[in-house]
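Novice:
There are 2 protein chains.
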Amino acid sequence: MKQKDIGIVKTEYFTFAEPGHELKLDSGESLCPVTIAYETYGLLNKDKTNAILVAHALSGDAHAAGFHEGDKDPGWWNDLIGPSKALDSEKYFVICSNVIGGCKGSTGPSSIDPKTGKPYALSFPVITIADMVRAQKRLIDHLGIKKLLCVIGGSMGGMQALQWVAAYPNHIQCAIPVATALKHSPQQIAFDEVGRQAVMADPAWNNGNYYGGEKPERGLAVARMIGHITYMSDKSMEEKFSRRLKVKSRSFKFAADFEVEGYLRYRGDDFVKRFDANSYLYITKAMDYFDLSCDKLIAKDKHIDVRFLVIAFKSDWLYPSYQSQDIVRQLKVRGADATYCQINSTYGHDAFLLEVDEETHLIKHFLDKTFCGYDVTREYEI
Amino acid sequence: MKQKDIGIVKTEYFTFAEPGHELKLDSGESLCPVTIAYETYGLLNKDKTNAILVAHALSGDAHAAGFHEGDKDPGWWNDLIGPSKALDSEKYFVICSNVIGGCKGSTGPSSIDPKTGKPYALSFPVITIADMVRAQKRLIDHLGIKKLLCVIGGSMGGMQALQWVAAYPNHIQCAIPVATALKHSPQQIAFDEVGRQAVMADPAWNNGNYYGGEKPERGLAVARMIGHITYMSDKSMEEKFSRRLKVKSRSFKFAADFEVEGYLRYRGDDFVKRFDANSYLYITKAMDYFDLSCDKLIAKDKHIDVRFLVIAFKSDWLYPSYQSQDIVRQLKVRGADATYCQINSTYGHDAFLLEVDEETHLIKHFLDKTFCGYDVTREYEI
């Protein structure tokens, strides 16, 4: 019988700190040293043409697939990464790296600032999606890969895929932005800002200086609860919870009467155990700053050879389909090879993690075609 | 020239505290004394057949129209109430009362508990929409009105209009529920619950005991910010703010870079000056508990003579049109005279306060027809 999962995996770390090679950021500041946590699944082929970079969303990490020793749950996109899966680890070399600014092994606000010997906290520079991708490029260079077969990601991961196109069009063969946008709308900025305000309203946040002390858990939990509402759809909430009570009858207290309330409280409380509040601020800000509209994805009069599969989900109201259609429109205007697909899901934004069969079908086929074309006609063209 | 506005108005207060006449609540508890703040516009006719009750939404109050002495801004529905307006104060006697549980003059958690001489805080009983309407009925009785011409309201005001139908079908001639629902969906409960969690996460909330001390302003501001996002539409936010910056360029700090961020912070900060955090908890809980689905609006085999105008707004995603259609469906099943109208607005849920022309057209015509029919055929039928 064929193995279904990748099995045990380990997070690896790549640090660059050579003088003169610090990471220059959009803010004008620099970051050095920079550590990037990453995982890889499958084997890089001899020609190094089978590498796929998976980019994660707001609360994701480098652990996209397989199991960490002793863990019950696999990585966050295990349904799509592994033998015979959409990102077939028997065929492709799949890389997933944690974004800078995060708190899952890559350098971020909770990392030690070498200048002070203390966590950066808010002295960590505000970063952008382009900065995250700059750091990823260093990792890809370090792995000796000249051209990625694909960059794929959902939500903020999709932004990174698009940013790879904008910054390094000659270093990727195809891009699969899923449930994402060229830029945040004011509504998306608004949801992020309320989340940030919830964190900053918590006195324990203490202007970012809480490391080693009480953490702003209540504020971060509220931020996460807001997030969870936006990740689901009205319909998926109705299907999952309806108005079912957690208790026998209405409590006539401010308890969690309804199942949906209990779920949100649980998700909020669970999140604070595994996420850094300052990272939440930095990463949401990076998403709000992101803007590849108006010729910033592909410059005017420029032709690029990247192929695109753009995926949206019908019930996703956080990243509505029209935003994916905007991406496709901008690609078509520049004559790019772009396929658009809207999956008829009721899961809302979460669909990019849940609509495994539909995504597998689309992605597998698209990658096979790209890889095949790559091997034969475009090898070493850079 | 005809006067456009009502002019100067004053809030009045009605208190009932007679032994044996306390307000019995859905929770099983009782409330006594109960004060209701209310305003009236226009004159009650001799037959007392021209009275319209306006019910307010979550953060509203009794001051629906006209100006308070010295105020620059009129009441919250001044565009719809006044001479020749939708609720024509030259023709109708318009009443608006503040809900119990609120903080605008009616008895609520910030009122003094006569048993302790201190504010109720969380010892105030959890109330329901039915309790709010029970209190309103006492006021209407006190004003000597046997049958209201109409109960009208948007959002939670619409719930009260529906509750009047459920509780006192023989005491109202028509109902106009606007942008409302028979029950909150889990998504609506979720947004309310996150708002409550934001308030309760503020240490200054202190389990509700903050009167006379520091108030949970930051938590309440976050709750209000969440609310404001849900009151607007993706499109109206795009039209109002787009991605315009408040500052010259991105701050690379956690400042309010975008206009939409500044707007939300302003709305949050402004709200805490005029609203009590505990009232926010009580009123949102009442909305979440509300449920007139499944024959609870009109019992099986019961015919009622109330006429209905049900209004929804196309871009309202907090109270989507399908919820208004559910109301109409339930009314039609019981053979009620119901008209449904969806107004093609981009304003989102806020449309019920903003789509003045469309609402005026619909409401004026509907009221005229009802009032006319009332006077001639149905007078004193109760």
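Chains E and F are the protein sequences, given in the same order.
Going from the first sequence to the numbering used here is simple: count from 1 and add 38.
Going from the second sequence to the numbering used here is simple: count from 1 and add 38.
For every residue, glycine included, the Cβ atom is placed at its ideal position computed from N, Cα and C.
I want to see whether chain E comes within less than 7 Å of LEU81 of chain F, judged by CB atoms only; does it?
Specialist: No, no contact with chain E.
Novice: Scan the segment 244-277 of chain E for residues whose Cβ lies nearer than 7 Å to a Cβ of chain F and list them as they occur along the chain.
Specialist: ARG256, GLY257, VAL260, MET263, ILE264, ILE267, ASP272, MET275, GLU276
Novice: Between SER223 of chain F and TYR269 of chain E, what straight-line distance do the alpha-carbon atoms span, to the nearest angstrom?
Specialist: 16 Å
Novice: Thinking C-beta only, is GLY192 of chain F closer than 7 Å to PHE390 of chain F?
Specialist: yes
Novice: Starting from the beta carbon of GLU231 of chain F, find every residue of chain E whose beta carbon is closer than 7 Å, and list them in chain order.
Specialist: GLU299, LEU302
Novice: Which residues, in chain order, does the segment 301-334 of chain E contribute to contact with chain F at a C-beta distance below 8 Å?
Specialist: LEU302, ARG303, GLY306, LEU319, LYS323, ASP326, TYR327, ASP329
Novice: Across which residues does DSSP place GLU60 of chain E in a beta bridge pair?
Specialist: GLU60 of chain E pairs with nothing; no bridge assigned.
Novice: Which whole runs of the alpha helix (DSSP H) in the segment 139-215 of chain E are 4 residues long or more, in chain order?
Specialist: Annotation: the segment 139-215 of chain E contains the following complete segments of the alpha helix (DSSP H) (minimum length 4 residues), in chain order: 167-180, 194-205.
Novice: Taking CB distances under 7 Å as the criterion, tell me whether PHE292 of chain E reaches chain F.
Specialist: At least one chain F Cβ lies under 7 Å of PHE292 of chain E.
Novice: Any beta carbon of chain F sitting closer than 7 Å to that of PHE162 of chain E?
Specialist: Among the CB atoms of chain F, none fall inside 7 Å of the CB of PHE162 of chain E.
Novice: Under 7 Å between C-beta atoms, does SER223 of chain F make it to chain E?
Specialist: Closer than 7 Å: yes.
Novice: Does the segment 166-173 of chain F touch the segment 135-144 of chain F, meaning 3 or more C-beta pairs lie closer than 8 Å?
Specialist: yes
Novice: At 7 Å on the CB atoms, spell out the chain E contacts of ARG288 of chain F, in chain order.
Specialist: TYR327
Novice: So what does DSSP say about THR73 of chain E, is it helix, strand or coil?
Specialist: Reduced to three states, the DSSP call for THR73 of chain E is strand.
Novice: Sorted by chain position, which residues of the same chain lie with C-beta nearer than 7 Å to ILE227 of chain E's C-beta, five sequence neighbours on each side aside?
Specialist: ASP326
Novice: So, for GLY80 of chain F: in the same chain, excluding its five sequence neighbours on each side, which residues have a beta-carbon less than 6 Å away from its beta-carbon?
Specialist: SER127, TYR130, PHE131, VAL132.
Novice: Per DSSP, which residues does GLU50 of chain F bridge with? Please list them.
Specialist: F:TYR76
Novice: Check this for me: beta carbons of GLU231 of chain F and GLU277 of chain E, under 7 Å apart or not?
Specialist: no
Novice: Please compile the residues from chain F whose C-beta is within a distance smaller than 9 Å of the C-beta of SER65 of chain E.
Specialist: Chain F residues near SER65 of chain E: ARG288, PHE290.
Novice: Could you name the residues of the same chain whose beta carbon sits closer than 7 Å to that of PRO207 of chain F, not counting the 5 residues immediately before and after it, in chain order?
Specialist: ILE342, VAL344
Novice: Is the CB of ALA236 of chain E under 7 Å away from at least one CB in chain F?
Specialist: yes
Novice: Whose CA, out of F:GLY143, F:LYS323, F:PHE292, F:PRO157, lies closest to the CA of LYS221 of chain F?
Specialist: F:LYS323
Novice: At a CB distance below 7 Å, what residues from the segment 81-105 of chain E approach chain F? Give them in sequence order.
Specialist: If the cut-off is 7 Å between Cβ atoms, the segment 81-105 of chain E has nothing near chain F.
Novice: Going by the CB atoms, is the gap between ALA75 of chain F and ALA100 of chain F shorter than 7 Å?
Specialist: yes
Novice: Could you tell me if ARG312 of chain E is buried or exposed, where buried requires 16 or more neighbouring beta carbons within 10 angstroms of its beta carbon?
Specialist: exposed
Novice: Rank F:GLY386, F:TYR318, F:PHE292 by C-alpha distance to the C-alpha of ASP354 of chain F and give the top, closest one.
Specialist: F:GLY386
Novice: Measuring straight from C-alpha to C-alpha, what distance separates ASP308 of chain E and ALA213 of chain E?
Specialist: 33 Å
Novice: Are any of the Cβ atoms in chain F nearer than 7 Å to that of ALA173 of chain E?
Specialist: Residue contact with chain F for ALA173 of chain E: absent (no Cβ-Cβ distance below 7 Å to any residue of chain F).
Novice: With H, G and I counted as helix, E and B as strand and the rest as coil, what does DSSP make of CYS410 of chain F?
Specialist: helix
Novice: Does ILE138 of chain E get closer than 7 Å to chain F when you measure Cβ to Cβ?
Specialist: Not an interface residue.
Novice: How about ILE227 of chain E: is its C-beta nearer than 7 Å to some C-beta of chain F?
Specialist: yes
Novice: List the residues that DSSP assigns as beta-bridge partners of HIS106 of chain E.
Specialist: Paired residue(s): E:VAL47.
Novice: Please work out which residues of its chain come closer than 7 Å, Cβ to Cβ, to ASN247 of chain F, disregarding the five sequence neighbours upstream and downstream, and give them in chain order.
Specialist: ALA159
Novice: Distance, Cα to Cα, VAL285 of chain E vs PHE292 of chain E?
Specialist: 12 Å
Novice: Drop a sphere of 10 angstroms on the beta-carbon of ILE150 of chain E, count the other beta-carbons inside from all chains shown, and report buried for 16 or more, exposed for fewer.
Specialist: exposed
Novice: If you draw a straight line from the alpha carbon of LYS175 of chain F to that of VAL189 of chain F, how long is it in whole angstroms?
Specialist: Taking the straight line from one Cα to the other gives about 11 Å.
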